[in-house]
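J.: In my numbering, the protein residues as written are 6 to 482.
#1: For residue 423, which of 284, 59, 416 and 316 has the nearest alpha-carbon?
#2: Could you name the residues that DSSP lists as bridge partners for residue 215?
#3: Counting Cβ pairs closer than 8 Å, one from the stretch 288–297 and one from the stretch 329–349, do we hit at least three?
#4: Who are the Cβ neighbours of residue 9 in its own chain at under 7 Å, not counting the five residues just before and after it?
#5: So what does residue 448 bridge to, in DSSP terms?
#6: Decide if residue 97 is buried, meaning its Cβ has at least 16 other Cβ atoms within 10 Å, or exposed.
#7: Taking C-alpha atoms, which residue in 331, 401 and 386 lies nearest to residue 372?
#8: DSSP on residue 87, reduced to helix/strand/coil?
#9: Who does residue 209 pair with in a DSSP beta bridge?
#10: Name the two residues that bound the continuous alpha helix (DSSP H) containing residue 330.
#11: So which of 153, 221, 83 and 45 has the shortest CA-CA distance to residue 406?
#12: Quick check on the DSSP output: the beta strand (DSSP E) that includes residue 276 runs from which residue to which?
#13: Checking 8 Å against the spacing of the C-beta atoms, do residue 310 and residue 272 come in under that value?
#14: Rounded to whole angstroms, what is the Cα-Cα separation between residue 375 and residue 282?
#15: In chain order, what residues of the same chain have a beta carbon less than 8 Å from the beta carbon of residue 411, not counting five sequence neighbours either side?
#16: Between residue 449 and residue 437, which are expected to be in contact by the criterion C-beta below 8 Å, what is the C-beta distance as a whole number of angstroms?
#17: If you count every other CB in all the chains shown that lies within 10 Å of the CB of residue 351, and 16 or more means buried, which is it?
#18: Taking buried to mean at least 16 other C-beta atoms within 10 Å of its own C-beta, is residue 57 buried or exposed?
#19: Can you give me the start and stop residues for the alpha helix (DSSP H) that residue 255 sits inside?
#20: Kindly indicate which residue of 84, 473, 113 and 130 has the alpha-carbon position closest to the one of residue 95.
#21: In this structure, does DSSP put residue 155 in helix, strand or coil?
#22: Should residue 546 and residue 100 be called a contact, given that it needs their Cβ atoms to be closer than 8 Å?
#23: Of all the beta strand (DSSP E) runs that stay within the bounds of the stretch 123–199, which reach a length of 3 or more residues?
#24: Here's the rule I'm using: 16 or more other beta-carbon atoms within 10 Å means buried, otherwise exposed. How should residue 443 be labelled?
#25: What residue from 379, 293, 149 and 62 has the CA that sits closest to residue 225's CA?
#26: Determine the DSSP secondary structure at residue 96, reduced to helix, strand or coil.
#27: Could you name the residues of the same chain whose beta carbon sits closer than 6 Å to that of residue 362, not counting the 5 residues immediately before and after it, in chain order?
#28: Under the rule that 16 or more other beta-carbon atoms within 10 Å means buried, what is residue 261, buried or exposed?
#29: Counting along the chain, where does the alpha helix (DSSP H) carrying residue 426 start and finish?
#30: Per DSSP, what kind of secondary structure is residue 379 in: helix, strand or coil?
#31: Considering Cα atoms alone, identify which of 161, 322 and 305 is closest to residue 287.
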């Protein structure tokens, strides 16, 4: 009986270690309470326990991860960590280039043999700061769905309920972080693909200002691609952002200046902030559970000293504009694949590609003009309000096997209509855990700031998280 109790205790301690935030891990390494090797063992135990049910990973490289953890442990033993994330278990979304690991974009159309000779800028920076990168997480084909399912890898499940989707397209990242398999995962967001899985998995998902985190090698979504972190805490999101952000000449869209010091501003609160709250952004039907849960944020921010007003904001034009901007991108993806395009299986991507092929250059320029107008509208909004707060998604997680919530009729991507506008404008936006539906599904709150206000958005998110710490809850897996 004692052996059973001991094993149960050891299993609990491993799980507890796996769920520590990156900030807690760094403090533990600093004081010698535990080492990067012990933490790696803990997260790999979670992989062994959970991955067979979740399907979050496309690739895990245990040998390289152990080498990185050993090197990190040696640096900490000397009191000489190499960076902000030294020893922190991390994952990379499988649309981001990694040296020696295939980047398949969730597609059968890409040749696994490579060559795979370069790291993306964010991977370079994570490695330079000592992150222990375990491998690559699942994504739908070319990140073109709001769920994470593909012919290449099958179905990715939600740790809160295996019958639910974790969202997409960074659903593998969301499932991995939520289940304690890593502390930080990279995601990409061109239509809500960081914030959506964060909402469905009760995580923090931060989409920085466009150009704040450089994207190279170039993404097919280069005109709207945002790279950012999914984490379990706002402080970890700020920590990861501090590593990932900053200009790089290889990305012509990147802001060629040092990133703001967001960590120094995190704890300043929101007293005196003017916040506009919108229950739906005027773009979509929002489920009653989501309305009720996110409406509580008004009182929370008011109690924190902010001045909160309900606003009538109609961004319905942005939903249609997303298609005009994205359809030519889908067409370009298919065209560049050449004969390999016949292996594409993502129906949503193919529908968009067909529409994109039928568009003219004038249609495309009309879309770009619409983006400029939308940016101007949001800039005018932020002349009056420091921040905009709204539901992240219009619903709680729904069953796998569906592209849209089956409890209501929806068009493609409508449940993500509340996140897509801010990819078009490039504004910083974050999803933080806000509560749960009556069925127990996570619901996220979205906080949006004016272009360039990354520090402000993170600061407000931390204040909300401290006042309403539902993100501390773990899934039952």
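Cβ atoms here follow ideal geometry from the backbone N, Cα and C, with glycine treated the same way.
Quick caveat: nothing in here was measured; it's all calculated off a predicted structure.
T.: Answer, in terms of the structure:
#1: To locate residue 423, count along the chain shown from 1; it is residue 418. Checked all of 284, 59, 416 and 316; the closest Cα to residue 423 is 284.
#2: Counted from its first residue, the chain shown places residue 215 at position 210. None, per the DSSP bridge assignment.
#3: No, the stretch 288–297 does not touch the stretch 329–349.
#4: The residue labelled residue 9 in the question sits at position 4 within the chain shown. Interpretation of residue 9 is limited by its pLDDT of 36, a score under 50 that renders its predicted location unreliable; no figure is taken from the coordinates.
#5: Working through the chain shown from its first residue, we reach residue 448 at position 443. Partner(s): 440.
#6: Translated into positions along the chain shown, residue 97 becomes position 92. Buried is the call here.
#7: Looking up residue 372 in the chain shown gives position 367. Looking at the Cα atoms, 331 is the closest of the given residues.
#8: Mapped onto the chain shown, residue 87 falls at position 82. Three-state result, residue 87: coil.
#9: As a working note, residue 209 is residue 204 in the chain shown. DSSP output for residue 209 lists 236 as bridge partner(s).
#10: The residue given as residue 330 occupies position 325 in the chain shown. Counting along the chain, the unbroken alpha helix (DSSP H) around residue 330 starts and ends at 321–342.
#11: Locating residue 406 in the chain shown gives position 401, where the first residue counts as 1. For residue 406, the closest of 153, 221, 83 and 45 by C-alpha to C-alpha distance is 153.
#12: Locating residue 276 in the chain shown gives position 271, counting from the first residue. Residue 276 -> no beta strand (DSSP E), and no H or E assigned at all.
#13: For the purposes of this step, residue 310 is identified with residue 305 of the chain shown, where counting begins at 1. For the purposes of this step, residue 272 is identified with residue 267 of the chain shown, where counting begins at 1. It is not a contact, given that the beta carbons lie outside the stated cut-off.
#14: By 1-based counting over the chain shown, the position of residue 375 is 370. By 1-based counting over the chain shown, the position of residue 282 is 277. Our two residues, residue 375 and residue 282, have alpha carbons roughly 24 Å apart in a direct line.
#15: Working through the chain shown from its first residue, we reach residue 411 at position 406. Excluding residues within five positions, the ones whose Cβ falls inside 8 Å are 403 and 404.
#16: Residue 449 sits at position 444 when you count from the first residue of the chain shown. Residue 437 sits at position 432 when you count from the first residue of the chain shown. 6 Å between Cβ atoms; contact.
#17: Here the question's residue 351 lines up with position 346 in the chain shown. By the neighbour-count rule (16 or more Cβ atoms within 10 Å), residue 351 is buried.
#18: Within the chain shown, the letter at position 52 stands for residue 57. Exposed, by the Cβ-count rule.
#19: Taking the first residue of the chain shown as 1, we reach residue 255 at position 250. Per DSSP, residue 255 belongs to no alpha helix (DSSP H) and is neither H nor E.
#20: On the chain shown, residue 95 is found 90 positions in, with the first residue counted as 1. The alpha carbon of residue 95 has as its nearest neighbour, out of 84, 473, 113 and 130, the alpha carbon of 130.
#21: If you number the chain shown from 1, residue 155 lands on position 150. Three-state DSSP puts residue 155 in a strand.
#22: For the chain, the structure presents residues 6 to 482; residue 546 sits outside this window and is missing.
#23: Runs of the beta strand (DSSP E) inside the stretch 123–199: 137–142 and 189–194.
#24: Your numbering for residue 443 matches position 438 in the chain shown. With fewer than 16 other Cβ atoms from the protein chains shown falling within 10 Å of its own Cβ, residue 443 counts as exposed.
#25: Here residue 225 refers to the residue found at position 220 of the chain shown. The shortest C-alpha separation from residue 225 is found at 149.
#26: Position 91 of the chain shown holds residue 96. DSSP, reduced to helix, strand and coil, places residue 96 within a strand of the structure shown.
#27: In the chain shown, counting from the first residue as 1, residue 362 sits at position 357. Within the same chain, and ignoring the five residues on either side of residue 362 in sequence, the residues whose Cβ sits closer than 6 Å to its Cβ are 336.
#28: Translated into positions along the chain shown, residue 261 becomes position 256. Exposed: under 16 other Cβ atoms inside 10 Å.
#29: Translated into positions along the chain shown, residue 426 becomes position 421. Note, residue 426: alpha helix (DSSP H), 426–430.
#30: Within the chain shown, numbered from 1, the residue matching residue 379 stands at position 374. Residue 379 falls in the helix class under three-state DSSP.
#31: To locate residue 287, count along the chain shown from 1; it is residue 282. When 161, 322 and 305 are compared, the shortest CA-CA separation from residue 287 is found for 322.
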